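Chemist: Just passing along the structure, written as structure tokens.
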Amino acid sequence: MELFFKYLQYEKRFSPHTIISYQTDLQQFKDYLQEVYEVEDIKAADHAIIRSWVVALVQKDLDSRTIHRKIASLRSYFRFLMRRGEVESNPTVRIKAPKLAKKLPSFIPEDAFTQVLDQGSFSEDFKGHREKLILELLYGTGMRLAELTNLKLTDINLSSSTLKVLGKGNKERILPLNPSLVNTLSGYIKERQATFPDNNSPFLFVTDKEAPLYPKYVYRVVKKYMSTVSTAQKNSPHVLRHSFATHLLNRGADLGAIKDLLGHASLAATQVYTHNSIEKLKAVFEKAHPKA
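Set out below in structure tokens:
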């Protein structure tokens with residue numbers, strides 16, 4: 183399994199977050215094998231055993247997307263074993279995962295974020311500058327949480343109003359910055375230098391203890407401010423990413439351009455946002471058309 187994780191890291195160039203998910207999924211399957219079948223080696227698992235594991239996951243009322251991911255993790259591992267000649271066949275091939283419920287991305291109304299910036303009680307100290315910049319970067323660029331926490335000072339180019347992010351598969355992309363975001367970034371960097379003059383961390387965001395920012399902190403900041411204007415059950419950093427894409431599309435942005443800004447590998451991943459726009463058109467039609 184350790185060889186498999188190194189393969190994911192160095193050859194497939196998966197993100198640390200994705201690799202942790204694979205590790206968790208395979209360890210859970212291994213634990214299931216030991217507890218239920220008293221089998222130590224995953225390679226000994228056959229189709230019937232794997233199917234019983236999937237049934238057990240369903241009975242635990244796990245989200246169908248989570249079950250899909252766990253099956254995908256196991257399927258990838260067996261493909262890896264086949265390439266190494268460790269097993270003759272992949273027992274996950276005939277495994278059927280539960281149907282995925284169609285789920286549209288959650289997003290906030292266009293004026294909600296402006297309301298947060300205008301009415302948000304951001305303190306004038308380093309913490310206030312940091313919290314405001316976190317929100318503006320997530321919504322103003324559509325970047326992922328991991329991309330935000332891994333931003334370096336050297337990735338920022340205020341003179342050209344751009345920044346560089348390292349996305350999935352270690353793919354770099356350049357993102358434009360609006361004037362408001364440039365001002366917020368500039369103010370934060372000055373405040374950071376004044377607060378921690380001897381800090382040599384390469385990361386843009388640091389905690390009050392001068393350590394790199396961690397994901398849970400970002401979640402807390404987003405929830406703290408967005409819960410005041412949004413009734414969504416999940417006010418997460420990814421909701422701001424969804425909002426960024428949805429609002430661009432609603433205002434006529436090209437789908438291919440949105441794909442590049444989000445760092446999607448294919449247009450199919452970006453097309454999910456068109457459904458939100460269609461739902462908006464339906465609502466307008468039903469409200470305004472005399473035959474609706």
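When we follow the numbering used here, the leftmost residue of the sequence shown carries the number 183, and every step to the right adds one. Virtual Cβ for every residue (Gly too), placed ideally from N, Cα, C. The structure displayed is predicted, hence computed values, not measured ones.
Going by CA-CA distance only, name the one from Ile-338, Tyr-189, Val-403 that's closest to Ser-258.
Modeler: Cα-wise, what sits closest to Ser-258 is Tyr-189.
Chemist: Roughly how many angstroms lie between the CA atoms of Lys-398 and Lys-334, to the nearest whole one?
Modeler: Between Lys-398 and Lys-334, the C-alpha separation is close to 19 Å.
Chemist: So for Ile-290, helix, strand or coil by DSSP?
Modeler: Of the three classes helix, strand and coil, the one that applies to Ile-290 here is coil, per DSSP.
Chemist: Ordered along the chain, which non-local residues of its own chain (more than five positions away) have a Cβ less than 6 Å from that of Lys-252?
Modeler: Once the five neighbours on either side are set aside, the close Cβ partners of Lys-252 are Asp-207.
Chemist: Quick one: which unbroken alpha helix (DSSP H) runs of 4-plus residues sit fully inside the region 380–414? Chain order, please.
Modeler: The qualifying runs are 397–408.
Chemist: If I measure Cβ to Cβ from Asn-417 and keep anything under 7 Å in the same chain, skipping five residues before and after, which residues do I get?
Modeler: Cβ within range, chain order: Val-404, Lys-405, Met-408, Ser-409.
Chemist: Considering Cα atoms alone, identify which of Ile-224, Leu-444, Arg-326, Glu-318 is closest to His-199.
Modeler: Selected option, being the one with the closest Cα: Arg-326.
Chemist: Return yes when the Cβ of Thr-428 is within less than 8 Å of the Cβ of Tyr-455, no when it is not.
Modeler: Closer than 8 Å, so yes.
Chemist: Is the Cβ-Cβ distance between Glu-313 and Leu-363 less than 8 Å?
Modeler: Taking 8 Å as the Cβ cut-off, Glu-313 and Leu-363 do not qualify as a contacting pair.
Chemist: Tell me whether Leu-282 is buried or exposed, calling it buried when 16 or more other Cβ atoms sit within 10 Å of its Cβ.
Modeler: The residue is exposed, with fewer than 16 neighbouring Cβ atoms inside 10 Å.
Chemist: According to DSSP, is Leu-357 part of a helix, a strand, or is it coil?
Modeler: It is a strand residue.
Chemist: For Val-298, collect the residues of the same chain with a Cβ closer than 8 Å to its Cβ; drop the 5 residues on either side in sequence, then sort them by chain order.
Modeler: Leu-317, Tyr-407, Met-408, Thr-410, Val-411, listed in sequence order.
Chemist: Give me, in chain order, the residues of the same chain whose beta-carbon lies closer than 8 Å to that of His-446; leave out the 5 immediate sequence neighbours on both sides.
Modeler: So the qualifying residues of the chain are Thr-452.
Chemist: With a threshold of 8 Å, are at least 3 pairs of Cβ atoms found where one atom belongs to the region 329–345 and the other to the region 303–311?
Modeler: No: the two stretches stay apart, fewer than three of their Cβ pairs being nearer than 8 Å.
Chemist: Roughly how far, in whole angstroms, is the beta-carbon of Phe-187 from the beta-carbon of Ile-201, given that I think they are within contact range, below 8 Å?
Modeler: So it is a contact: roughly 6 Å between Cβ atoms.
Chemist: Extract the residue ranges of the alpha helix (DSSP H) inside the region 209–235, only unbroken runs of 4 or more that lie entirely within it.
Modeler: You should have found no qualifying run.
Chemist: Taking the alpha-carbon positions, what's the His-471 to Val-421 distance?
Modeler: Those two C-alpha atoms are separated by around 31 Å.
Chemist: Is Val-421 helix, strand or coil when you go by DSSP?
Modeler: In this structure, Val-421 counts as helix in the three-state DSSP scheme.
Chemist: Name the two residues that bound the continuous alpha helix (DSSP H) containing Lys-416.
Modeler: It is not in any alpha helix (DSSP H) - Lys-416 carries neither H nor E in the DSSP assignment.
Chemist: Among the residues of its own chain, which have a CB less than 7 Å from the CB of Gln-205, if the five just before and after it don't count?
Modeler: Closer than 7 Å at the Cβ level, and outside the excluded window around Gln-205, lie Phe-187.
Chemist: Going by C-alpha distance, which of Arg-433, His-250, Pro-394 is nearest Val-237?
Modeler: The shortest C-alpha separation from Val-237 is found at His-250.
Chemist: Rounded to a whole number of angstroms, what is the C-alpha to C-alpha distance between Thr-389 and Lys-242?
Modeler: Distance between the alpha carbons of Thr-389 and Lys-242 is about 37 Å.
Chemist: By Cβ distance, which residues of its chain are closer than 7 Å to Tyr-370, with the 5 residues on each side in sequence left out?
Modeler: Closer than 7 Å at the Cβ level, and outside the excluded window around Tyr-370, lie His-311, Arg-312, Leu-315.
Chemist: Counting only the same chain and skipping the five closest in sequence on each side, list residues whose C-beta sits under 6 Å from that of Leu-320.
Modeler: Result list for Leu-320: Pro-419, Leu-422, in chain order.
Chemist: Considering just the uninterrupted stretch of the alpha helix (DSSP H) at Lys-346, what are its terminal residues?
Modeler: First-last for Lys-346: 344–348, but that is the beta strand (DSSP E), not the alpha helix (DSSP H).
Chemist: Can you round the beta-carbon distance between Leu-443 and Gly-324 to whole angstroms, since I take them to be within the 8 Å contact cut?
Modeler: Indeed, because the Cβ distance is near 6 Å, the residues count as touching under 8 Å.
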